[in-house]
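Protein chains in written order, with my numbering: chain P, 194 to 489; chain X, 21 to 363.
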Amino acid sequence: MSAARTRRGMIGLALAIPVVLVALLGPYAAPKSPTAFVGAPFAPHNSDALLGMDGLGRDALSRVLWGGREILALATLATVIGIAVGTALGVTAGYVRGGVDEGIMRTLDVALAFPQIILALLLVSIVGPKLWLVCLAVAAIHAPQVARVARAATLRTAELDFVKYADAFGIPRRRVMAGEIAPNIISPLMVETGLRLTYSIAIIASLSFLGFGLQPPAADWGLMVNENRIGIQQNPWPVVAPILLIAIITVGVNMFSDAVARSALGIEAPIGPAGLLGTDDAPAPGEEAVGEAGAV
Amino acid sequence: MTIEPTMDDQEGGGAAARLRQNFIFRTIVRRLLLGVLTLFLVSIVVFAATQLLPGDAARAVLGRDATPDRLAAFRREFHLNQSAVQQYWAWLSGLLQGRPGTSLANGLPVWLLVEPRVVNSFYLLVVVGIVGVPLSMGLGIWAALRRDRWFDHTTSTVTLAAAALPEFVVAIALIILFATVVFQALPPVSLVPPGTSVWSDPDVLVLPVATLTIVVVPYIYRMARGTMIEVLESEYIEMARLKGTPRRELLLRHALPNALAPTIQAIALTFAYLAGGVVVVEYVFGYPGIGQGLVNAVNARDLPTIQFIVLLLAGFYVLVNIVADVVAIMVTPRLRTASWQRT
C-alpha cells in the first residue's frame, strides 16, 4: 500500500505495530499470572517485577501484557461490523434512491442525534456491561457515519457509464451493488475504516475505563487505569503503562489512516470530532477547503 | 437537507434582500422543525430502550432482593401496568410539564439532582470555549500564514496526534504531570461540596478545562488552517495583493471574515461533540457535572435519571447542530445565494 511508504504512514505503522504485537503476544510472554496475588499492593518496581504491583498486589507487567487483547479484538470487530452494516445501508440508499433512501437516511439521522458515547452508555445501562453489547454499540455508533460516506460515494459511482450499462442489461440490483458499485467505493471506505478503528479503540478503552467493558478481575488496559489511579503516588506504572500503550496505538493508527487518506484520495482526512459528528451528507462548506491540493 | 436555489441574483437590490431574508428565515424554521422531530424520535428511542429490559422491568432494575413495596412503587412510577404507548405518553407529558420523574437511587425528584450538575457542566463548557476557541483559531490562522514552515508542521503533527487520544488518556496524563507524580500544583480531583459553586475554588476547573481544551483544539485548528489557506490562495486575495493593499488590511478585512464561517461551524460541532466528551472527563476528575451524573445513574441503574440526562444531552446536541447549520447559512455569502447548492 502506497500510504505505508509516506513518512507519516511509516511513523504511524512504527507506532501501532509494536503495540499490536504486545497485545497479541503479551499473554505468552507474561512472567506471572495476571490474576495471582504475588506482592504488596502498589509495591514499586524491582528486579522481579519490572512495573511493580497493582492495587491488589498483582504483577502489573503481566496484567499489562494480558490487557490489550480484548480491547483490540473488540475494536477490530466493532469496526468491521460498523463498516459492513454502514456500507450496505449507504450503498442501498444511494443506489436505490427514492423512498428507501429517505427512509434509511432519516432513520440514521436519529441515531446521529445521540452523542456517540451516550448511545453506548444507554445500551449498557439497560442490558448490563456485556462485551458483545459494547461491540455492537460501537458498531452502531459507526454505521450511520459510514453509511453517509458510502452513500455519497455511491451517488457519484451510480452516475458512471458502466453502472448505467449494467442497469440497462437488466442485471439484478443486488448484483450491481455488489459487483459494480462496491469495488469502486473502496478508497473512501478504506479511509473511513482507519478513522473508525481509531475511534473504536478510543471508545472501547474509554468504556472499560468507566467500568462498562471487561469486568474485574480481568486484565484490561482501560480498567487498569481506573483501578490503580488511587495508588498513582506509590506506584505509577500500572497507570502509566496502559495509558502509554493506548496513546501510542491510537496516535499510530490515526497517523496511518491520515496517510492512507492523503495518498489514496489526494485529500486530507477529516480528523477529530469531525469524523464522529459528520452531521451532513455533503461535506460541510469548507471541508473541501481542508483538502490540500497536493497529496503527499 | 437540501437547500434549493430560491432567489434570482438578477433581481433588484431591495427585492433580493427581502427574498434572501425570507429564504434564511424559512430555512431556519425548517431546520428547527426537523430538530423538534428528531428530538421526538430520540425520546421514543430512549423510552423504547427501557422497554427492552428482559422479563419484569421492575425486578430487573431493582434487583432480586427488592421489597414488594418498592416493586409496586416502581410499577406505579413507570405505569408498568399500562400499555407501552400509555406509558410513553405519561412519561413524555410529565417531561413537558417539567416533571422528569423521581430518582430510583434516593427518591428525590430527578430535576433536583440534575439542575446543579447542568450548571456546573455549563460553566465547564463556557471556560473551555473561552480558552479553547481563541487558542485553536489563533494556532490555525498562524499555521496557515506560515504554511509549510516548522510552526505549521509542528502544530499539524501535534494536533493530528492529539485528535486520536481518548479523553481519559489526556486527563490521566495531565493528572500525572501536574497533580500527582511529577508536580503537585493542582488538585487531581475536582471536589466541590454540594451547594457550593465551582467558582469558590477555581483551581478545580483547571485540569478538566485543560483536558477538554486539548480535545477540542485539533478539529477547530484544522478547520481554521484549512479555510484560511483556501482564502489566502483565492483570486480576490491575489487581486487585493496586486492592488497593493497593506498586509494588515488584507488579512483583517478580506481574508479573516471569509475564513470565519466554516470555522464557526466547526466550533459549534465541536461543542456538540463535547456533550459526550464531558462524560468521561467529569468522571475522571470527579467533577460534579451532568456527565458524572450520568455515569453514577448508569451504575445505580437509575432509569428516570438516565432517561432524563440522555434526553438533555441529545437535546443539547441537536440544538448546537441546528445553531451550526444556521450560523453557516447566515455568515457564508455563497450559502445565501442561488449559485450554491448541496450535492
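All C-beta atoms, glycine included, are put in the ideal place defined by N, C-alpha and C.
Asked                                                                                                                        : Found
Own chain partners of Leu-267 (chain P) with C-beta closer than 7 Å, once the 5 adjacent residues on each side are dropped   : Leu-324, Val-327, Cys-328 and Ile-397
Exposed unless 16 or more other CB atoms sit within 10 angstroms - verdict on His-173 (chain X)                              : exposed
Gly-55 (chain X) beta carbon less than 7 Å from that of Ile-287 (chain X)                                                    : no
For Asp-252 (chain P), the residue or residues it bridges with in DSSP                                                       : P:Met-246
Start-to-end residues for the alpha helix (DSSP H) that takes in Val-298 (chain X)                                           : 276-305
Chain-ordered chain P contacts of Ala-193 (chain X) [CB-CB under 8 Å]                                                        : Ile-436 and Ala-440
Short CB-CB distance (under 7 Å) between Pro-324 (chain X) and chain P                                                       : no
Opposing strand residues paired with Phe-230 (chain P) [DSSP bridges]                                                        : P:Arg-251
Counted within 10 angstroms of its Cβ, other Cβ atoms place Ile-196 (chain X) as buried (16 or more) or exposed              : buried
Exposure of Ser-240 (chain P), with buried meaning 16 or more beta-carbon neighbours within 10 Å                             : exposed
Cβ of Leu-61 (chain X) within 7 Å of any chain P Cβ                                                                          : yes
Alpha carbon of Trp-131 (chain X) to alpha carbon of Thr-87 (chain X), nearest angstrom                                      : 26 Å
Stretch-stretch touch, CB-based, cutoff 8 Å, three pairs: the stretch 331-346 of chain X with the stretch 210-228 of chain X : no
Any chain X beta carbon closer than 7 Å to Ile-379 (chain P)                                                                 : no
Option nearest Ala-304 (chain P) by Cα separation, candidates X:Asp-89, X:Thr-58, X:Leu-314 and X:Thr-231                    : X:Thr-58
Limits of the alpha helix (DSSP H) - the one that Phe-142 (chain X) falls within                                             : 130-165
Same chain, Cβ closer than 7 Å to Val-356 (chain P), five either side skipped, listed in chain order                         : Thr-350, Val-369, Glu-373 and Ile-374
Glu-461 (chain P) versus Arg-455 (chain P): straight-line alpha-carbon distance, rounded                                     : Confidence in Glu-461 (chain P) is poor, its pLDDT being 45 and thus under 50, which makes the residue's placement too unreliable to answer from.
Cβ contact (3+ pairs, closer than 8 Å) linking the stretch 380-390 of chain P and the stretch 408-419 of chain P             : no
Three-pair Cβ contact test at 8 Å for the stretch 160-172 of chain X versus the stretch 237-245 of chain X                   : yes
Alpha carbon of Leu-194 (chain X) to alpha carbon of Phe-203 (chain X), nearest angstrom                                     : 10 Å
Local Cβ density within 10 Å of Tyr-303 (chain X), reported as buried at 16 or more and exposed below that                   : buried
Euclidean distance between Cα positions of Leu-314 (chain P) and Ile-192 (chain X)                                           : 21 Å
8 Å contact criterion, which Leu-270 (chain P) and Val-215 (chain P) should meet: CB distance rounded                        : So it is not a contact: roughly 19 Å between Cβ atoms.
Neighbour flag for Gly-152 (chain X) against chain P, beta carbons, 7 Å                                                      : no
Residue environment, Ala-205 (chain X), which counts as buried when at least 16 other CB atoms sit within 10 Å               : exposed
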